[in-house]
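S.K.:
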DNA sequence: CAGTGTGAAGTTGTTCACAGCA
DNA sequence: TGCTGTGAACAACTTCACACTG
């Protein structure tokens, strides 16, 4: 496998493949906890309602190889997926906006298991400053610059209301953040070099609402 | 656009188009609040970093038509997008799992503005039962069936830990829910007819981590 | 000229078909 | 037979090119 240049640092893994990876991880962890030794692509596909070939191709991106008729070794596969997702690094993150969503994210289970540690939260509400959320301190925003450098934080999470998101994003950029995960219900604009992931709750909601109304239509009400 | 009257719902709108719609809505609302009368696709595209033709095509799905050189009437466009997203209906939803994420969602701004009203939350923690979150009561799960029918709730939101998600999904299905929005970090399996949207925080995280590590690679550290 | 609207080309991702293997 | 692995067909989405319009 390592013979062809084709294998040299897969210049680009399809984004859908990356998005499916956590599903495989979840399933494989489950199987491992059950003591299962091998899993096959068709089985995974069946459980997750994916196409079997797709699973095979996705898993190939992790560099693993399986055995015909048997499948993939569960432990090897688990390691390969974790490696692929970069969970050997532990990246430090700052979160800005300690409202209910921010609080929920700080407490989200398995974040560090996924290679991310939220080391501080920021807010401009004096009542929140000085408190902490599950051990993560809440600080005033002007401390950010200082700390980001000292703690080598390259990853910023925005959970502010929409009208503050752009402003916070600008600050993050000026402070040297490399990637921004934006949960505010508005899209932010940053320089090319910055990685942005706009995660809008509303995009998902829109899809559901659309399907729901479509379905209703099909059913010919009443 | 010959006419099939604009009401005959386009047989199938591409999902990416639907996902972008809330972005347009957000932008158009902003413009309206600024008193702007017309917006053009290229301007929207520039702000959102989309392709201009794509914006044009997306907006066409709402049934609106623009004026060459001028663009789209802001009020008409706003109405068209809201109509498209189905915000005239107000759908009732139940949420199961009143932990931090569930609590955050109940309090999420503009949910009802987006056509969804969370009318009750459920949990199995006796300490939570009987309390309420911003006016939304928290009840024991066995009340679900009863209420779902009475209140015509067709939409269930799962914010439980991963290990309870499937079980809750099964219950929702048996109680007549039509659409499930699953935030638990595991994918659930339901009958074909049920609409499911698995919204995994981890899928987004995986994309960011992948890009971040890739970037590091490219930069050749040190 | 600055925009809409649309068919056609291009790109990306998914699914099929099948060779090879245990 | 049940699986991996892969090239090739296919489907979905995006971008280009351009006619048209106020």
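Residue numbers (the numbering used here), protein chains in the order written: chain A, 150 to 371; chain B, 150 to 371. The beta carbon of each residue, even a glycine, is placed where N, CA and C say it ideally should be.
By Cβ distance, which residues of its chain are closer than 6 Å to residue 280/A, with the 5 residues on each side in sequence left out?
M.R.: Taken in chain order, the residues that qualify are 287.
S.K.: Hey, is residue 376/A's beta-carbon within less than 8 Å of any beta-carbon in chain B?
M.R.: Outside the shown range of chain A, which is 150 to 371, sits residue 376/A, and nothing can be said about it.
S.K.: Would residue 359/B and residue 167/A qualify as a contact pair, given that the criterion is a beta-carbon distance under 8 Å?
M.R.: For residue 359/B and residue 167/A, yes; Cβs fall inside 8 Å.
S.K.: Just to check my reading of the structure: residue 213/A and residue 226/A have Cβ atoms closer than 8 Å, yes? What is that Cβ distance to the nearest angstrom?
M.R.: At roughly 6 Å, the Cβ-Cβ gap stays under 8 Å, so residue 213/A and residue 226/A are in contact.
S.K.: Helix, strand or coil for residue 248/B per DSSP?
M.R.: Three-state result, residue 248/B: coil.
S.K.: Please report the distance separating the alpha-carbon of residue 328/A from that of residue 165/A.
M.R.: Answer to the nearest angstrom: the Cα atoms are 19 Å apart.
S.K.: Could you pull out every residue in the same chain whose Cβ sits closer than 8 Å to the Cβ of residue 277/B, ignoring the five residues on either side in sequence?
M.R.: Once the five neighbours on either side are set aside, the close Cβ partners of residue 277/B are 247, 287.
S.K.: So, does the CB of residue 360/A fall closer than 8 Å to a CB anywhere in chain B?
M.R.: For residue 360/A, the answer is yes, since a Cβ of chain B falls inside 8 Å of its Cβ.
S.K.: Considering Cα atoms alone, identify which of 192/A, 204/A, 245/A is closest to residue 269/A.
M.R.: Looking at the Cα atoms, 245/A is the closest of the given residues.
S.K.: Between which two residues does the alpha helix (DSSP H) carrying residue 172/A extend?
M.R.: First-last of the alpha helix (DSSP H) with residue 172/A: 164-182.
S.K.: From residue 271/B to residue 310/A, what does the alpha carbon distance come to, in whole angstroms?
M.R.: Residue 271/B and residue 310/A: Cα-Cα distance of roughly 26 Å.
S.K.: Using a C-beta cutoff of 8 Å, does residue 172/B count as contacting chain A?
M.R.: Chain A contact via Cβ: present.
S.K.: Span of the beta strand (DSSP E) holding residue 304/B?
M.R.: It spans 304-307 - the beta strand (DSSP E) in which residue 304/B sits, taken as one unbroken run.
S.K.: Can you tell me whether residue 169/A is buried or exposed, with buried defined as 16 or more other CB within 10 angstroms of its CB?
M.R.: Burial call: buried.
S.K.: Comparing the C-beta of residue 257/A with each C-beta of chain B, is any distance below 8 Å?
M.R.: Closer than 8 Å: yes.
S.K.: Buried or exposed: where does residue 197/B fall if 16 or more other Cβ atoms within 10 Å of its Cβ makes it buried?
M.R.: Buried, by the Cβ-count rule.
S.K.: What is the DSSP secondary structure of residue 286/A, reduced to helix, strand or coil?
M.R.: Of the three classes helix, strand and coil, the one that applies to residue 286/A here is strand, per DSSP.
S.K.: Compute the Euclidean distance between the alpha carbons of residue 206/A and residue 177/A, then round it to the nearest angstrom.
M.R.: For residue 206/A and residue 177/A, the distance between alpha carbons rounds to 16 Å.
S.K.: Tell me the rounded alpha-carbon separation between residue 254/B and residue 219/A.
M.R.: Roughly 43 Å between the two C-alpha positions.
S.K.: Taking the Cβ atom as the reference point for each residue, do residue 345/B and residue 357/B lie within a distance shorter than 8 Å?
M.R.: No, Cβ-Cβ distance for residue 345/B and residue 357/B is not below 8 Å.
S.K.: For residue 235/B, return the contacting residues in chain A, with the cut-off set at a CB-CB distance below 8 Å.
M.R.: What residue 235/B touches in chain A: 358, 359, 361, 362.
S.K.: Tell me whether residue 161/B is buried or exposed, calling it buried when 16 or more other Cβ atoms sit within 10 Å of its Cβ.
M.R.: Exposed: under 16 other Cβ atoms inside 10 Å.
S.K.: Rounded to whole angstroms, what is the Cα-Cα separation between residue 260/A and residue 243/A?
M.R.: Residue 260/A and residue 243/A: Cα-Cα distance of roughly 13 Å.
S.K.: Measuring straight from C-alpha to C-alpha, what distance separates residue 185/A and residue 228/A?
M.R.: Cα to Cα, the separation comes out at about 15 Å.
S.K.: Leaving out five residues before and five after residue 294/B in sequence, what residues of the same chain have Cβ atoms less than 6 Å from its Cβ?
M.R.: Same-chain partners within the cutoff: 324.
S.K.: Which of the three DSSP states, helix, strand or coil, is assigned to residue 267/B?
M.R.: It is a strand residue.
S.K.: Within 8 Å (strictly less), CB to CB, does residue 271/B reach chain A?
M.R.: Judged by the 8 Å Cβ criterion, residue 271/B is not in contact with chain A.
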